[in-house]
Structure formats: structure tokens, C-alpha cells
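Engineer: Numbering of the sequence shown is given in the UniProt record's numbering, commencing with residue 1 and proceeding in unit increments. Positions of the beta carbon are idealized from the N, C-alpha and C atoms, including for glycine.
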Amino acid sequence: MSKLTIHYPNGQHPHQSYHANRDLPTPHQSIYAKRGMSLEDEINHSNQYYLSRHIAVIHKKPTPIQLVKVDYPKRSAAVIKEAYFRRPSTTDYNGIYKGYYIDFDAKETRNKRSFPLKNFHEHQIRHMQECVRQGGICFAFIKFTELDLVYLLPASTLIRYWDAQANGGRKSILLTDIQQAGFPIDYQLNPRLPYLQAVDQIIAAKNKGAYHVE
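(1) Can you tell me which residues form a DSSP beta bridge with Ser114?
(2) Verify whether the separation of the beta carbon atoms of Ile159 and Gln129 is less than 7 Å.
(3) Do Ala155 and Tyr97 have their beta-carbon atoms positioned less than 7 Å apart in this structure?
(4) Can you give me the Cβ contacts of Lys143 inside the same chain, cut-off strictly under 6 Å, excluding the 5 residues immediately before and after it?
(5) Tell me whether Glu146 is buried or exposed, calling it buried when 16 or more other Cβ atoms sit within 10 Å of its Cβ.
(6) Closer than 8 Å is the cut-off here; do at least three beta carbon pairs connect the segment 115 to 128 with the segment 89 to 96?
(7) Less than 8 Å between C-beta atoms, sequence neighbours within five positions excluded: which residues of the same chain meet that for Lys112?
(8) Relative to the C-alpha of Asp200, which candidate in His123, Ala78, Tyr72 and Ile137 has its C-alpha closest?
(9) Any idea if Gly62 is buried or exposed, counting beta-carbon neighbours within 10 angstroms, 16 or more meaning buried?
(10) By the DSSP assignment, the beta strand (DSSP E) with Ile96 in it spans what residues?
(11) Do Glu42 and Leu196 count as a contact pair if the criterion is CB distance below 7 Å?
(12) Going by C-alpha to C-alpha distance, which of Gln179, Val132, Tyr50 and Asp177 sits closest to residue 218?
(13) Determine whether the beta carbon atoms of Tyr49 and Pro191 lie at a separation below 7 Å.
(14) Based on DSSP bridge pairs, tell me the residues matched to Leu153.
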């Protein structure tokens, strides 16, 4: 079977997307089964839990594509052979929780001491900035895969580090800084990543006027 050719904007390849056919662990299995899952798998698992219990509606954003070549081996089936992404993607997920617009991205690194800012793109940062200006709750999931640690980093902090690069700042965010400014997301069975607890804290800070982007 020939492979589907996908052309990515700016020559960039996105990180691995959710594998729909990956089996979820059964309840009796240890939560350590998470070690084989990607961050997107873990987020999707959690979002499905929140949705099924009417807690939040948060989904992975679809990326529009432009079809270039389609074969029709049968009248009842079409096979996409070549396609282009129409435009660079912004962030990975969006939705609504407690009346608030939620928008976030998910990144992984094998580094143990810092997270490289090059994993983001300028248009993603500006998208987050504009969402926050409109009252949205924006953040980034950052997973240190070698340490099996996940943090939720508010967009305001990420934007500050991003902009500091232009003035001679670091090209990465130290793990210790992420630990100080972000929220650790500890694994559990259901939801796998209980990140809405951290979002609740962001909402509380926002209501006190302590969460904003200039």
C-alpha cells in the first residue's frame, strides 16, 4: 500500500498526534501503564473523561488540509494520496470550562534540565497572547519525558520568556523555573491528567486580577 504524502507548512512536522487505535488501560491496571503513552494520548484520555462527566468540553483542533491527489480504487471508497496543510496550526486544543474559553498547546522534551523555546513558533505565542487579551485561559503542557514529569505553564509566563529572547534572554526555560511558575500535574487513574484543578487556580487568580498579559 502506498503512503499518503502530507506537506507541512514551513517545512515543519508537528509532533506525534493521538493514535486512535491505542488501547486504553483497564481499571485494574496500574497507573504506571502511562509510561508508554504520549502526552497527547494522556490529554485526550483526560478530555474524554471530562466530557463524559459533563465537566468540560475540550477537543484537539482539526488541521484543515488541501487535497491534491485522490485515488478511487472502488466507487464506494476514496484514498487520499497527497495533501497539503492549508496553514500553520496555532495551538493543539481548545474548548470551554465553567464558561471560560480554554486554549492550550502540548509539548514534550527529552531534556532533563530545561525546555527549549524553539519547540514553539512565533504565531503560536501571539495566538495565545491574543486569546488571553480577550479573556481566555491559555497555557502550555510541558512534559519532561525522561523524568516523567508534566507541568501546566500559564501563557503569561511562556510569553514573558519568549519575548525575553529578543533582549538576550535564554533560549530555554529551566526546569526549576517551570516548577516555580507552573503547576505540577500528577498522574492518576481517571482522569489521567487532572489538569482542570490547575485551571481552577488560574481562574481564581484571574478573578483577583493577578493573571493577565500586556
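Structural biologist: Walking through what the data contain:
(1) Here residue 114 refers to the residue found at position 114 when the sequence shown is read from its first residue. Ser114 pairs with Leu174.
(2) Here residue 159 refers to the residue found at position 159 of the sequence shown. Here residue 129 refers to the residue found at position 129 of the sequence shown. Yes, the pair counts as a contact, with Cβ atoms nearer than the cut-off.
(3) What you label residue 97 is simply residue 97 of the sequence shown in a count that begins at 1. What you label residue 155 is simply residue 155 of the sequence shown in a count that begins at 1. For Tyr97 and Ala155, no; Cβs fall outside 7 Å.
(4) In the sequence shown, the residue the question calls residue 143 occupies position 143. Within the same chain, Lys143 has close Cβ partners Leu39, Glu108 and Val150.
(5) In the sequence shown, residue 146 corresponds to position 146, counting from 1. Answer is exposed; the Cβ neighbour count stays below 16.
(6) yes
(7) As a working mapping, residue 112 is identified with position 112 in the sequence shown. Closer than 8 Å at the Cβ level, and outside the excluded window around Lys112, lie Phe144, Glu146, Leu147 and Leu175.
(8) Along the sequence shown, one-based indexing puts residue 200 at 200. Each of His123, Ala78, Tyr72 and Ile137 was checked against the Cα of Asp200, and the nearest Cα belongs to Ile137.
(9) The residue you call residue 62 lines up with position 62 of the sequence shown. It is Pro, not Gly, that sits at residue 62 in the sequence shown. So Pro62 ends up on the exposed side.
(10) Counted from its first residue, the sequence shown places residue 96 at position 96. Per DSSP, Ile96 belongs to the beta strand (DSSP E) from Tyr93 to Tyr97.
(11) Taking the first residue of the sequence shown as position 1, residue 196 is located at position 196. Taking the first residue of the sequence shown as position 1, residue 42 is located at position 42. Not a contact, by the Cβ cut-off of 7 Å.
(12) Given that the chain is displayed from residue 1 to residue 214, the structure contains no residue 218 and the question cannot be resolved.
(13) To locate residue 49, count along the sequence shown from 1; it is residue 49. To locate residue 191, count along the sequence shown from 1; it is residue 191. A contact, by the Cβ cut-off of 7 Å.
(14) Reading the sequence shown from its first residue, position 153 is the one you call residue 153. According to DSSP, Leu153 bridges with Ala140.
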